[in-house]
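Asks: Take a look at this one; I'll ask things after.
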Amino acid sequence: MLRLILDRVLFSIVTVLAVGLCLFVLTRSIAGTPARIVLGTDATEAQIAQFDVDHGLDRPVLVQYGKWIWGIAGGLDFGTSLVSGRAIGPDLRDSLPITLELVLLAFAFAVIVAIPLGVLSACYRGSVVDHASRIVAVLGVSIPGFWLGLMLIRFPAVEFGWFPPGGFVPWSDGAMEHLRSLAMPAFALGVYYIAILSRMTRSGLIDVSGLDYMRTARAMGLSRGRILLYALKNALVPVVSVGAMSFGYMFGWALIIEYLFNLPGMSNALLTAINNRDYDTVEAVVLIFTVFFIVSNIAADIINAWLNPRLGATA
Amino acid sequence: MRRAPAWLAALAGQASCLVGGAIVVLVIGAAILAPLIAPHDPVAIDIENSLLPPGGDYLLGTDQGGRDLLSRIIWGARVSLMVSLLAVVIGMVFGVLLGLLAAHRRGGWVQHVIMRGMDMVASIPLLIWAIALVGIIGVQPVQVGPFTLGNEHKLLVLIGLLLSSAFSAIIVYAQELVPHRAGMIAGLFFGLAFGVSAVGAAGLGEIADHTGIEFIYKLCSILPAIGLLTVLLPNIERKKA
Chain L
10 MLRLILDRVL FSIVTVLAVG LCLFVLTRSI AGTPARIVLG TDATEAQIAQ
60 FDVDHGLDRP VLVQYGKWIW GIAGGLDFGT SLVSGRAIGP DLRDSLPITL
110 ELVLLAFAFA VIVAIPLGVL SACYRGSVVD HASRIVAVLG VSIPGFWLGL
160 MLIRFPAVEF GWFPPGGFVP WSDGAMEHLR SLAMPAFALG VYYIAILSRM
210 TRSGLIDVSG LDYMRTARAM GLSRGRILLY ALKNALVPVV SVGAMSFGYM
260 FGWALIIEYL FNLPGMSNAL LTAINNRDYD TVEAVVLIFT VFFIVSNIAA
310 DIINAWLNPR LGATA
Chain F
825 MRRAPAWLAA LAGQASCLVG GAIVVLVIGA AILAPLIAPH DPVAIDIENS
875 LLPPGGDYLL GTDQGGRDLL SRIIWGARVS LMVSLLAVVI GMVFGVLLGL
925 LAAHRRGGWV QHVIMRGMDM VASIPLLIWA IALVGIIGVQ PVQVGPFTLG
975 NEHKLLVLIG LLLSSAFSAI IVYAQELVPH RAGMIAGLFF GLAFGVSAVG
1025 AAGLGEIADH TGIEFIYKLC SILPAIGLLT VLLPNIERKK A
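Okay, here's the thing in structure tokens:
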């Protein structure tokens, strides 16, 4: 178990470093010189050379990358944006919690609805519940989040006035209002994953319930709840993997949903940065999301090894 | 005449399969026949008729510029289908080649290097990278050697390369599960992937043209790959377990 965790963590660190390097080199090689962007087209060659020396841009890419990564690893110092001249870290500290909260709410919503739904439709296969959950799943997979978001803004918000059509209310202005401002975005973000996760739970449970140990458990006269618990432990393995991956993907979708609902999260930061050609901020945002994605995958491996120790032993 | 294979007959008997198949045929048909069936010019701007509701001369209404939405959807299906199809092909060529190589050199360092490398590619959050890279590279065509890459070409190369990790993983696991059938499984997955991407692309083209927001349009073109990954990856995880 410990070896598995260690192995995963080490490999993930290597992955983050390698993937971050790709991003860094790609940005540096494609974006043109930042000096040109900051100083404008009128700047002389000498001014540009001076700018590069001042900001360490004349040094080898690997050295620049090392310095960047070292700053982040050492104290979450993402450096200073060359375009705006502001430190990147504090700017992201304001927007990251909003995105994080949106994704967590959506994920919690998806898991809380999907797993019971999957269990119910597996237990009562072919029943009304099963068919209803299949319809929910098909709808959830086929309706894109941004269209659903537009519809939510159009009807529950604008027409009926149940929710604010967009914008963000901070905690300090009241918990209820705060949650109300996040409810529709979280719903729009989570519906797709309800569909995926509930179907995976259902098929996982149905696969497992045919196995020998389940027959033995039934023959021994264990209670229904206990049998379900044993079945779930194995059935949830693929659900956890996919769930963790979904969690990582949700950050990508969250950008679109935030854009739609006008939430001041990372999407705002990323788009502003892209518009201003502020590549330092773009790199920081993408690196943060990549780390979240990788961490959620490690978490899945560890949860699975804990649910099912055989996986830990073979890895 | 040969009889249809049993699985095809079984599929044809299912209502959901028929409905799904009809949608796919409809979308692909619309894409192919776009110049014949689109009622208007998809890019003709007509400010006097902007933001019309559905009905009349414009079956689905018009956007801010007075462009006919139905025509834009029909023409948009072409771009979406092309991007997703070629991205899958690129991903498949790279992924299957690497996967076959890894499966062939099973247990050696070659497999290790390839699979770990592919794990790294798989740990890239596609959507964010795509947004950021499109933002960085810009929407102008790029010159790569003798080729000029337009916007959708850049996108499909990017998606294709990222997809390749899924394909090689599939091949390697396939090799372990059914040692002599890796080639056949590669073919099957290609078919599956094409089907999924076509359906995803159809929905996309529609929404992208519907919103008329250029930014959302850019994002949309990337979606089929994500749909693909979520469909493909669960199987890998389960086989690994």
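Respectively, the protein sequence lines represent chains L and F. Going by my numbering, the first sequence opens with residue 10, and the numbers climb by one from there. Going by my numbering, the second sequence opens with residue 825, and the numbers climb by one from there. Every residue, glycine too, gets a C-beta built ideally from N, C-alpha and C.
(1) Per DSSP, G1067(F) forms a beta bridge with which residues?
(2) To the nearest angstrom, report how far apart D870(F) and A166(L) are at their CA atoms.
(3) In chain F, what lies closer than 9 Å to T50(L) by C-beta?
(4) For M75(L), which option in D103(L), R95(L), C31(L) and V200(L) has the closest C-alpha, if you only look at C-alpha atoms?
(5) Would you check whether the ligand MG has a heavy atom nearer than 7 Å to the C-beta of A308(L)?
(6) Consult DSSP for T89(L) and reduce its assignment to one of helix, strand or coil.
(7) Just checking my contact of N271(L) with G176(L) at CB under 8 Å: how many whole Å lie between their CB atoms?
(8) Give the interface partners of W315(L) over in chain F, defined as CB-CB distance under 8 Å, in chain order.
(9) Please state whether DSSP places A52(L) in a helix, a strand or coil.
(10) How about the stretch 97-107 of chain L and the stretch 305-314 of chain L: do they share at least three Cβ pairs that are nearer than 8 Å?
(11) Indicate whether V867(F) and R891(F) have their beta-carbon atoms separated by less than 8 Å.
(12) So with Cβ pairs under 8 Å, would you call Y74(L) a contact of chain F?
(13) Pull out every residue of the stretch 153-184 of chain L whose Cβ sits closer than 7 Å to any Cβ of chain F, in chain order.
(14) For the stretch 206-219 of chain L against the stretch 277-297 of chain L, are there 3 or more C-beta pairs whose distance is under 8 Å?
(15) Does the beta carbon of V295(L) sit closer than 8 Å to a beta carbon anywhere in chain F?
(16) By a C-beta neighbour count over all protein chains shown, 10 Å radius and 16 as the cutoff for buried, is N277(L) buried or exposed?
(17) Using a threshold of 8 Å, state whether the C-beta atoms of A308(L) and L206(L) are closer than that.
(18) Answer yes or no: do G274(L) and L111(L) have a C-beta to C-beta separation smaller than 8 Å?
(19) For the alpha helix (DSSP H) containing I847(F), list its first residue and its last residue.
(20) Give, in chain order, every residue of the stretch 248-280 of chain L whose Cβ lies closer than 8 Å to some Cβ of chain F.
(21) Indicate whether S908(F) and V28(L) have their beta-carbon atoms separated by less than 8 Å.
(22) Under 7 Å Cβ to Cβ from F172(L), same chain only, skipping five residues before and after it: list those, please.
(23) Any chance the stretch 938-957 of chain F sits against the stretch 253-264 of chain L, with 3 or more Cβ pairs inside 8 Å?
(24) Using a C-beta to C-beta distance shorter than 8 Å, which residues of chain L count as neighbours of W933(F)?
(25) By how many angstroms is the C-alpha of A44(L) removed from the C-alpha of I97(L)?
(26) Buried or exposed: which applies to P69(L), given that a residue is buried once 16 or more other Cβ atoms fall within 10 Å of its Cβ?
(27) For G919(F), which of G941(F), V851(F) and S904(F) has the nearest alpha-carbon?
(28) Does the CB of I777(F) have a neighbour CB from chain L at under 8 Å?
(29) Report buried or exposed for D865(F), applying the criterion of at least 16 other Cβ atoms within 10 angstroms of its Cβ.
(30) Would you say F60(L) and L48(L) are within 8 Å of each other, going by their C-beta atoms?
(31) What does S908(F) touch in chain L if you count any residue whose Cβ is under 7 Å from its own?
(32) Taking Cβ to Cβ, would you say M944(F) is nearer than 8 Å to T53(L)?
(33) In whole angstroms, what is the alpha-carbon distance linking L925(F) and V937(F)?
(34) When you compare the CB of I97(L) with every CB in chain F, is at least one pair closer than 8 Å?
(35) What are the residues that DSSP puts in a beta bridge with D892(F)?
Replies: Taking the structure as given:
(1) The structure shown does not extend to residue 1067(F), since chain F spans only 825 to 1065, so no value can be given for it.
(2) Rounded to the nearest whole angstrom, the C-alpha separation of D870(F) and A166(L) is 32 Å.
(3) None at all; the shortest Cβ gap to chain F is about 16 Å.
(4) The residue you asked about is not Met; residue 75(L) is Gly in the sequence shown. Looking at the Cα atoms, C31(L) is the closest of the given residues.
(5) The ligand content of the structure shown is nil, which means the ligand MG is not present either.
(6) strand
(7) At roughly 5 Å, the Cβ-Cβ gap stays under 8 Å, so N271(L) and G176(L) are in contact.
(8) Per Cβ cutoff of 8 Å: no residues; W315(L) is ~14 Å from chain F at best.
(9) coil
(10) Touching, no.
(11) yes
(12) no
(13) Closer than 7 Å at the C-beta level to chain F, one finds these residues of the stretch 153-184 of chain L: P153, F155 and W156.
(14) no
(15) Taking Cβ atoms only, chain F reaches closer than 8 Å to V295(L), which makes this a yes.
(16) buried
(17) no
(18) It is a contact, given that the beta carbons lie within the stated cut-off.
(19) A839 to I856
(20) S250, V251, M254, S255, G257, Y258, F260, G261, W262, L264, I265, Y268, L279 and L280
(21) no
(22) P165, A166, R189, A192 and M193
(23) yes
(24) Against W933(F), chain L offers no close residue; the least beta-carbon distance is about 16 Å (beta-carbon pairs closer than 8 Å).
(25) 18 Å
(26) Around the beta carbon of P69(L), fewer than 16 other beta carbons sit within 10 angstroms, so the residue counts as exposed.
(27) G941(F)
(28) This structure cannot settle anything about residue 777(F), because the visible part of chain F is limited to 825 through 1065.
(29) exposed
(30) A Cβ-Cβ contact shorter than 8 Å links F60(L) with L48(L).
(31) Within chain L, no residue comes near S908(F); the closest Cβ sits about 15 Å away, beyond 7 Å.
(32) No; because the gap between Cβ atoms is not below 8 Å, this pair is not in contact.
(33) 11 Å
(34) no
(35) T886(F)
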